[in-house]
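A short worksheet on the structure shown next.
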Amino acid sequence: MEKLYSIHMGKAKCAVDLGDGSERGEYVNQDYILHTLGRPHRSISLMYCYYPLDEGWPGRASVVHANPDVSFAWDYPYDDYFTYKGGLGGNTDGEPFTYMRDIRAHGQDVTLTLTMDPNITDDHLIAIANDLRPFGRVLLRINHEATGNWFSFNRRCSYQQVADFFVRASRVIKAHAPNVQTIICIGGVEHPEKGTMEKEEEFAQTIPEADIWSVDKYMALHWGWPYDVAEHGGNSHSRSRVRDVYDMTKASFERYRFLNGGEEKPMVMSEFNADGDVTGAYDQAAMVQEFCDILEEENADWFTGFTFYQFRDRGRLGLEIEDPNNPDVGIAQPVLDTYRKLIHSDRFLPKMTQGEEVQLPVTLRWGNSEDAEGLAIPLHFECSPIFCEVTFEDEGNYMMEINGHWFYKSPKAKTIDLMSAFYKKPLKGACDLTLKIFAPPASGENDLSLADGLYNYYAKIEQMPKIRIRFSPVEP
């Protein structure tokens with residue numbers, strides 16, 4: 062019988078989150094993303110809108126308000142994101158909740174970007190809060206890029222009204238769903254000679270109200286997509302120096318902190334990438350690498366994390382491009398290999414702390430992707446294995462890691478082949494490795510009948526899984 066130890070998963074030096082679906086692409090299931098990238102993310106970002114007072118709601122804007130004269134992605138009566146099917150009079154049977162359950166079952170938190178009509182009443186906000194209560198830690202980004210002029214909420218309200226709404230929405234939702242953390246996303250410092258943020262006077266009140274500060278920074282972006290092509294001399298795209306993007310993000314954090322009386326809060330980029338429409342595929346990968354190299358060189362401990370936008374894209378903003386012949390197929394871009402290597406480096410990996418020896422049965426606690434208590438099983442390898450698999454007798458829902466590679470076991474699965482942990486990273490000789498097991502909720506939802514159910518999910522392991530390791534073929 063192998064010895065068993067407790068293990069705690071905590072924060073990385075810099076978190077990595079991933080956008081999955083938007084106006085530019087459809088949601089990709091978490092099994093495929095996990096197999097492609099080899100590890101879960103801290104959070105998966107979903108982008109939705111809520112305009113329940115509008116004609117045509119809850120149909121998607123580009124469908125119910127289709128118009129051949131539209132020449133810009135946001136030229137519809139309301140934002141052309143997928144529509145949030147919850148809220149007042151809605152339910153949690155459809156989107157985005159089906160995806161939220163998939164995300165949490167795979168050991169990740171949900172970042173929900175939600176553009177909303179600032180004219181909705183508190184009843185709507187309370188309904189949204191009740192929707193989000195079962196999903197553990199939820200990061201809610203309300204009316205992002207709020208100092209811009211493209212989203213519908215900016216066209217129908219003043220900047221002051223948008224800022225007032227953020228404060229109201231944040232307070233109402235967190236009062237009814239304390240598990241929700243809100244993100245304020247504004248333009249930040251865009252002109253270093255000024256040193257102040259865009260619309261600073263209006264949005265100063267949002268800074269202490271939010272739990273997390275954010276800016277969206279594209280090192281290159283073709284905002285005219287898909288209505289034109291980025292070419293020399295065009296005016297619907299831009300490209301910046303990577304160093305300038307880093308410096309402006311840091312200046313934004315420092316200004317956030319100043320306006321918060323010197324007190325720091327987590328600082329993230331909620332959308333980060335270089336658009337291959339502008340840079341081409343090779344420079345896109347090089348710019349992402351350069352930015353992360355700066356984080357390492359500067360030891361940027363002020364920077365909490367970024368969300369790569371996005372996994373699969375119909376344009377060139379994805380790790381994969383959607384196959385125009387079949388939307389279920391992705392075409393990997395050079396940046397995918399770059400990104401995969403980056404997120405397996407020390408700065409971006411969650412901290413694992415092994416604890417005391419334990420005996421079965423063991424109760425595992427899943428708080429969130431930065432606070433989970435699991436089970437560690439030390440294993441000895443004579444060399445790189447030919448067979449390595451784990452078989453469970455129970456119907457548990459588990460995330461497992463060995464040799465730097467992560468695997469998912471759903472309740473219906475019994476045996477998980479772990480060999481893909483060794484194909485690209487074979488062992489060079491005898492060594493000891495640890496199989497780590499965590500138990501996020503299979504349904505994606507916490508049990509709210511528990512005293513701490515808003516924040517924690519518990520699962521009991523009654524018996525050891527069977528681990529089969531062989532170092533030669535069955536028949537030589």
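According to the working numbering, the residues represented by the sequence shown are 62 to 537, in order. Ideal placement from N, C-alpha and C gives every residue a C-beta, glycine not left out. Here the structure is a predicted model, which is why all the values come from computation and not from measurement.
{"Asked": "Cα-Cα separation between Asp374 and Glu383, rounded to whole angstroms", "Found": "6 angstroms"}
{"Asked": "Whole-number beta carbon distance between Met309 and Val250, since they are thought to touch under 8 angstroms", "Found": "6 angstroms"}
{"Asked": "DSSP three-state assignment for Lys475, whether helix, strand or coil", "Found": "coil"}
{"Asked": "Rounded C-alpha distance that separates Tyr137 from Leu403", "Found": "38 angstroms"}
{"Asked": "Buried or exposed (CB count within 10 angstroms, at least 16 for buried), Leu509", "Found": "exposed"}
{"Asked": "Length of the line joining the Cα atoms of Asn517 and Pro195", "Found": "10 angstroms"}
{"Asked": "Entirely enclosed alpha helix (DSSP H) segments - the stretch 116 to 160, minimum 4 residues", "Found": "122 to 125"}
{"Asked": "Straight-line gap, Glu261 to Arg217 (C-alpha atoms, nearest Å)", "Found": "20 angstroms"}
{"Asked": "Local conformation of Glu383 per DSSP, three classes", "Found": "strand"}
{"Asked": "Backbone CA spacing between Ser106 and Gly285 [nearest angstrom]", "Found": "23 angstroms"}
{"Asked": "Short Cβ contact (8 angstroms threshold) for Thr495 with Ala437", "Found": "yes"}
{"Asked": "Whether Asp354 touches Ala291 by CB criterion (8 angstroms)", "Found": "no"}
{"Asked": "Segments assigned beta strand (DSSP E), at least 3 residues, entirely inside the stretch 409 to 489", "Found": "413 to 419, 423 to 429, 432 to 442, 448 to 452, 459 to 463, 466 to 470 and 476 to 478"}
{"Asked": "Alpha carbon of Ala347 to alpha carbon of Lys74, nearest angstrom", "Found": "22 angstroms"}
{"Asked": "Chain-order list of residues whose beta-carbon lies under 6 angstroms from that of His102 (same chain, five-residue window excluded)", "Found": "Val77, Asp78, Leu79 and Gln169"}
{"Asked": "Backbone CA spacing between Leu515 and Asp140 [nearest angstrom]", "Found": "31 angstroms"}
{"Asked": "Helix, strand or coil at Arg538 according to DSSP, with G and I counted as helix", "Found": "In the structure as shown, the chain starts at 62 and stops at 537, and residue 538 therefore has no counterpart that could be examined."}
{"Asked": "Length-filtered (4 minimum) alpha helix (DSSP H) runs lying within the stretch 152 to 222", "Found": "158 to 166, 183 to 193 and 213 to 217"}
{"Asked": "Minimum length 4: unbroken alpha helix (DSSP H) runs contained in the stretch 258 to 346", "Found": "261 to 264, 267 to 270 and 303 to 320"}
{"Asked": "For Leu173 and Asn507, the rounded distance between their alpha carbons", "Found": "17 angstroms"}
{"Asked": "Best match in Val390, Asn296 and Val276 for proximity to His283 [C-alpha to C-alpha]", "Found": "Asn296"}
{"Asked": "Beta-carbon proximity check, Ile463 vs Leu479, cutoff 8 angstroms", "Found": "yes"}
{"Asked": "Rounded separation between Ala335 and Tyr400 - CA only", "Found": "12 angstroms"}
{"Asked": "Inter-residue Cα distance where the pair is Thr267 and Phe227", "Found": "7 angstroms"}
{"Asked": "8 angstroms contact criterion, which Leu378 and Phe372 should meet: CB distance rounded", "Found": "The pair is not a contact, with the Cβ atoms about 10 angstroms apart (cut-off 8 angstroms)."}
{"Asked": "Option nearest Leu98 by Cα separation, candidates Pro537, Thr340, Ser406 and Cys444", "Found": "Ser406"}
{"Asked": "Three or more C-beta pairs below 8 angstroms linking the stretch 147 to 162 and the stretch 122 to 136", "Found": "no"}
{"Asked": "Buried/exposed call for Glu456, threshold 16 Cβ in 10 Å", "Found": "exposed"}
{"Asked": "Inter-stretch contact (C-beta, 8 angstroms, three-pair minimum) for the stretch 519 to 528 and the stretch 417 to 432", "Found": "yes"}
{"Asked": "Simplified DSSP assignment, three categories, for Thr365", "Found": "coil"}
{"Asked": "Within 8 angstroms, strictly: CB atoms of Thr340 and Ala281", "Found": "yes"}
{"Asked": "Contact check, Ser313 vs Ala271, beta carbons under 8 angstroms", "Found": "no"}
{"Asked": "Rounded distance between the beta-carbons of Lys278 and Val306, thought under 8 angstroms", "Found": "5 angstroms"}
{"Asked": "Sequence-distant residues of the same chain with beta carbon closer than 7 angstroms to Glu454, five excluded per side", "Found": "Gln524"}
{"Asked": "For Pro179 and Arg202, the rounded distance between their alpha carbons", "Found": "14 angstroms"}
{"Asked": "Boundaries (first-last residue) of the beta strand (DSSP E) holding His96", "Found": "That residue, His96, is in no beta strand (DSSP E); its alpha helix (DSSP H) goes Gln91 to Leu98."}
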